[in-house]
Structures are given as C-alpha cells and as structure tokens.
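J.: Following this message is one structure expressed as structure tokens.
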Amino acid sequence: MKELTKHITKSGITLLKVMIKRVNDNMNKMKILLIALLSVLMGCSKVHEKGNNETQKKAEIRLMVSNYIKTAENMDSKSMVEYFYESEDFHCYVDGKRYNYAEMKNLVLNDWNELFKSLKKLEFNYDSIYVYMYQPDQAISFFQAEEILIDTAGNRFSIQTNVTFGCVYDGSKWKIAYEHGSTSELE
1 MKELTKHITK SGITLLKVMI KRVNDNMNKM KILLIALLSV LMGCSKVHEK
51 GNNETQKKAE IRLMVSNYIK TAENMDSKSM VEYFYESEDF HCYVDGKRYN
101 YAEMKNLVLN DWNELFKSLK KLEFNYDSIY VYMYQPDQAI SFFQAEEILI
151 DTAGNRFSIQ TNVTFGCVYD GSKWKIAYEH GSTSELE
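Each residue of the sequence shown is one higher than the one before, counting from 1 in the UniProt record's numbering.
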C-alpha cells in the first residue's frame, strides 16, 4: 500500500511540475496546483479505502467467529449449523474424522445436542481471533482457547483447543466452509 501511495504521490508531483512549467499566469498556476493536490489526495484516498475494506472484512469475520463461539457456549446446536456454508466443498474435521456438510449438520444437531444436555456449562477463553484474507470473499481464521466443560454433576474439564476456520462470503454474510480443531486435555 505504501508503494502505491508513493507512486500516486510521485505521479501527482510530476504532473504538477509539468503543468506549472507550461502555464505562466500565477492564477492559473494556483488552480493547477490545487487540482494536482486534489488528484494526489484522491489517489491516496482510494488506497486507504481499499485498506479499510479489508479491515472491515476482517472485523466482520472476527465478529462471525465470536458469535459462533457464543452460540456454542449457549449450547444452541440449531443456531450453530446456521454458521456453516452449505456446499459440497464444506468439510470439517472432528476427532480426526472428516465430515461433509450433511454429516456435520447431523453430528451437531444430534450428537452434540445430546452432549450439550449432559453439560451444565461450556466456556471458551481466548485472547484473539486472527484473520488472514486469502481472496476478497475467502479468509482463514484461527484462534487458540481453553475450553472449559462443566457437566451436570459439577465435574470440570479443561481442554486446550486450536481451531482453524476457512471462511467464505456467500453474498450476504460470512460463513464457515472449513473447520479443523485439535484438542488436548489440560491438567
């Protein structure tokens, strides 16, 4: 982005110098100066706008992942499925097994729903959700968390979790098209 800004700035300054040499009238020089400066500023604005667009997309993805985590903490399996990108490209790895969309939907709605019934509380403690934009409509998101499960008997389990999501923009919102998690029980 800095290189593009430098290029735009150099081009604007070169244009300004050429135009000033060709015009003798001081008033016209002032007008040309203002036009050249405005064109430089507009070019810089476009570069800044592009950066803001990516920053905005990353913020949207972080929010989507954060909301997905909150949905899991609320043990709302039906709402969790709504975050999945329904596609034949979707796949998720759970305990080393690969699931397509229909299998993962079934796992969440049935097996996880039953697991949720045995839990009193589910909590994820994480610091940051990292996002890398792969394409304008594709990104990779990852986070590391301590997953705390408390069953109905009051037993507490703490698990170290590393999660990676492949996120896609479906035209209206960001969705999870790929998920991979690895866990290890903490002492």
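Think of the CB as a built atom: it goes at the ideal place given N, C-alpha and C, for glycine as much as any other residue. This one's a predicted model, so the numbers in the text were calculated from it and none came from an experiment.
1. According to DSSP, is Tyr-85 helix, strand or coil?
2. Kindly identify the DSSP beta-bridge partner or partners of Trp-174.
3. Evaluate the contact criterion for the stretch 136-144 versus the stretch 51-69: three or more CB pairs, one atom per stretch, below 8 Å.
4. Just to confirm the assignment, what range does the alpha helix (DSSP H) spanning Leu-115 have?
5. Is the stretch 108-120 touching the stretch 66-83 in the sense that three or more CB pairs, one from each, lie closer than 8 Å?
6. Evaluate contact between the stretch 171-187 and the stretch 81-92, counting only Cβ atoms and requiring at least three cross-stretch pairs below 8 Å.
7. Quick check on this structure: which residue in Ser-118, Asn-125, Cys-167 and Phe-116 has the alpha carbon closest to the alpha carbon of Gln-160?
8. Using the three-state DSSP reduction, which class does Ser-45 fall into: helix, strand or coil?
9. Using only the alpha-carbon positions, how far apart do Glu-185 and Asp-151 sit?
10. DSSP has Met-133 in a bridge; who is on the other side?
11. With burial defined as no fewer than 16 other Cβ atoms inside 10 Å of the residue's Cβ, what is the status of Ala-145: buried or exposed?
12. Who are the Cβ neighbours of Met-104 in its own chain at under 6 Å, not counting the five residues just before and after it?
13. Got a sec, what are the start and stop residues for the beta strand (DSSP E) Val-94 sits in?
14. Does the beta-carbon distance from Tyr-68 to Tyr-83 come in below 8 Å?
15. Report the rounded CA-to-CA distance for Ser-158 versus Tyr-130, giving the unit in angstroms.
16. Looking at C-alpha atoms only, which residue of Ala-59, Gly-154, Ser-141 and Leu-149 is the closest neighbour of Gly-181?
17. In three-state DSSP terms, what is Ala-153?
T.: This is what the structure gives:
1. Tyr-85: coil per DSSP, three-state reduction.
2. BP columns for Trp-174 point to Tyr-169.
3. Touching, yes.
4. Secondary structure note for Leu-115: its alpha helix (DSSP H) is the uninterrupted segment 113-117.
5. In short, these stretches touch, since the Cβ pair count reaches three.
6. Yes: at least three Cβ pairs fall under 8 Å.
7. Minimum Cα distance to Gln-160 is reached at Asn-125.
8. Residue placement at Ser-45 cannot be trusted, given a pLDDT of 46 that sits under 50; the coordinates are not used to answer.
9. One C-alpha to the other measures close to 15 Å.
10. For Met-133, which the question treats as bridged, DSSP gives the partners Ala-139.
11. By the 10 Å Cβ count, Ala-145 comes out buried.
12. Leaving aside the five residues that flank Met-104 on each side, the residues in its chain whose CB is nearer than 6 Å to its CB run, in chain order, Cys-92.
13. 91-94 is the extent of the beta strand (DSSP E) around Val-94.
14. Inclusion of Tyr-68 and Tyr-83 in the CB contact set at 8 Å is warranted, their separation being smaller than that value.
15. Spanning the alpha carbons of Ser-158 and Tyr-130 requires a straight line of approximately 22 Å.
16. Restricting attention to Ala-59, Gly-154, Ser-141 and Leu-149, the CA atom closest to the CA of Gly-181 is found in Ser-141.
17. The answer is coil: DSSP assigns Ala-153 none of H, G, I, E or B.
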